[in-house]
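Trainee:
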Amino acid sequence: MKTIAVFGATGAQGGGLVRAILADPQGGFAARAITRDVNSEKARELARLGAEVVAADIDDEASLLQALRGAYGAYFVTFFWAHMSPEKEQAEALAMARAAKAAGLKHVIWSTLEDSRRFIPLSDDRMPTLMGKYKVPHFDAKGEADRYFRDQGVPTTFLLTSFYWDNLIYFGMGPKRDAAGKLAFTLPMGDRKLPGIAAEDIGRCAYGILKKGTSEIGKSIGIAGGHLTGAEMAAALTKALGQPVYHNAVTPAVYRSFGFPGADDLGNMFQFNHDFADDFCRVRDLGVSRALNPALQTFSAWLEKNKSRIPLE
Ligand SMILES: NC(=O)c1ccc[n+]([C@@H]2O[C@H](COP(=O)([O-])OP(=O)(O)OC[C@H]3O[C@@H](n4cnc5c(N)ncnc54)[C@H](OP(=O)(O)O)[C@@H]3O)[C@@H](O)[C@H]2O)c1
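Structure, rendered in structure tokens:
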């Protein structure tokens, strides 16, 4: 059995991978679920499902290395929104790469995103520079950290994830009533397509990569369950919820001005997604994603299962 140490195992990405491994007992892989608290309800549930549950904190390199001992591979993800520090995220990625090297892992998946500064240099004033040296901090930190895995010679597949449709449930991005009482789905994407995915499918695609094996090392693989415009998402919401939802296509500048923590980062992210929509969709090929994960959900299928969980304010 090839043991995969899965970070974020009690969360969205890692949880999907642990469940994918456990759902395929003949697949040749075992799941080691990494958590800071082995006694939490979620950790115990993973143990009940058959995962080995091991404690580690990604901010503690010694614990990282300990958690990787004897493993074949690892799924590495960082948690930007827990601290909103790109420097901390990079330090965590560096520690992951060093620990992976020291543990002699054979296949690592690093959950990453594009460094937007390769597309929009800091000198380009179409969007503000944030925190002194970033355009989209939570993208740039991850993209810049790719090189830690390359520099350490870690056998890595770089997994380019997409916007979670689950953000409509957990991240306050669902439809909201406007002053006239109509449901508005706010997405500053104009008429461009946004690659999105059911968060659970990220781990399933990662499992597909692990099953394909070492041929995937060194590749950057983008995944998505659908490429949809804001209007298409609003139409699907209208159908699923049984009440009209319209696309509120604000500009990224308006989105940045919303003022909640991270609004500027997300406003820049949507602008980056909008301005480079063709590149973004091309690298997140739906056929490639479905080949990795035959259960890949479309937005409509995800909505059918999850519509009752979307808070309508
Ligand atoms: N939302 C989106 O649309 C989207 C799209 C693409 C990429 N992303 C990226 O996804 C990342 C987050 O992944 P996720 O959504 O899977 O996270 P998540 O669901 O919030 O899960 C986080 C889990 O990680 C564990 N964790 C948190 N801090 C930890 C630490 N210091 N050491 C060890 N474990 C820790 C926690 O488990 P315990 O409490 O059990 O330790 C928690 O259950 C972010 O960096 C974000 O930028 C998000």
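Numbering (my numbering), first residue to last: 6 to 318. By construction, the Cβ of each residue, glycine as well, lies at the ideal position given by its N, Cα and C atoms.
1) Taking all protein chains shown into account, do 16 or more other C-beta atoms lie within 10 angstroms of the C-beta of Thr40, making it buried, or fewer, making it exposed?
2) Less than 8 Å between the beta carbons of Ala105 and Ala79, yes or no?
3) Please report the distance separating the alpha-carbon of Gly16 from that of Ser116.
4) My assumption, with CB atoms under 8 Å, is that Ile226 sits in contact with Leu165. Please give the rounded CB distance.
5) Hey, would you say Ile125 sits closer than 8 Å to Ser167, going by beta carbons?
6) Within the same chain, show all residues whose beta-carbon is closer than 7 Å to that of Asp270, passing over the 5 residues directly before and after it, in chain order.
7) What are the start and end residues of each continuous alpha helix (DSSP H) run of 4 or more residues lying completely inside the stretch 78-147, in chain order?
8) Closest to Gly230 by C-alpha separation, out of Phe281, Glu92, Val293, Ala56, would be which residue?
9) Taking its Cβ as the centre, do 16 or more other Cβ atoms sit within 10 Å of Glu309, making it buried, or is it exposed?
10) Closer than 7 Å: is that where the CB of Tyr169 sits relative to any heavy atom of ligand 1?
11) If you run the structure through DSSP and keep just helix, strand and coil, what is Thr243?
12) Any contact of the stretch 7-26 with the stretch 206-223, i.e. 3+ C-beta pairs under 8 Å?
13) Would you decide whether Arg53 is buried or exposed? Buried here means 16 or more other CB atoms lie within 10 Å of its CB.
14) Can you give, in chain order, each stretch of the alpha helix (DSSP H) that sits fully within the stretch 164-252 and has at least 4 residues?
15) Is it buried or exposed for Trp307, if we count other Cβ within 10 angstroms and need 16 for buried?
Mentor: To lay it out plainly:
1) A residue is called buried when at least 16 other Cβ atoms come within 10 angstroms of its Cβ; Thr40 meets this threshold and is buried.
2) Less than 8 Å divides the Cβ of Ala105 from the Cβ of Ala79.
3) Here the alpha carbons of Ser116 and Gly16 stand approximately 13 Å from one another.
4) With a Cβ gap of about 7 Å, Ile226 and Leu165 count as contacting.
5) Contact check for Ile125 against Ser167 fails: the beta carbons are separated by 8 Å or more.
6) Non-local C-beta neighbours of Asp270 in its own chain, meaning closer than 7 Å and more than five positions away in sequence, comprise Leu135, Val141, Pro142, His143, ordered along the chain.
7) Complete alpha helix (DSSP H) runs here, min 4: 85-88, 91-108.
8) Comparing C-alpha distances from Gly230 to each of Phe281, Glu92, Val293, Ala56 shows the shortest one belongs to Val293.
9) Classified as exposed, Glu309 has fewer than 16 neighbouring CB atoms from the shown chains inside 10 Å of its CB.
10) Yes, Cβ of Tyr169 sits closer than 7 Å to a heavy atom of ligand 1.
11) The answer is helix: DSSP assigns Thr243 an H, G or I state.
12) Counting Cβ pairs under 8 Å, three or more are found: they touch.
13) Per the 10 Å Cβ criterion, exposed.
14) If we require 4 residues or more, the alpha helix (DSSP H) runs fully inside the stretch 164-252 come out as 172-175, 204-217, 235-246.
15) So Trp307 ends up on the buried side.
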